[in-house]
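Right, one structure below, let's go through it.
The structure is reproduced here in structure tokens:
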């Protein structure tokens, strides 16, 4: 096993998440919370 130099360590790209991935996760969580809220606390439509 070889030890990486400081320059080689800077070149390593890790498994970072993009802004679009974060946005998709947040959107999914908000949607699931809304669905659960609709089942637990249904509101009638008042015309």
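Numbering (this note's numbering), first residue to last: 9 to 55. The beta-carbon is built from N, C-alpha and C at its ideal position, and this holds for glycine as well.
For residue 19, which three-state DSSP category applies?
coil
Under the three-state DSSP convention, the category residue 36 falls into:
Assignment of residue 36 by DSSP, reduced to helix, strand and coil, places it in the helix class.
Go ahead and pull the three-state DSSP assignment for residue 41.
Helix, per DSSP.
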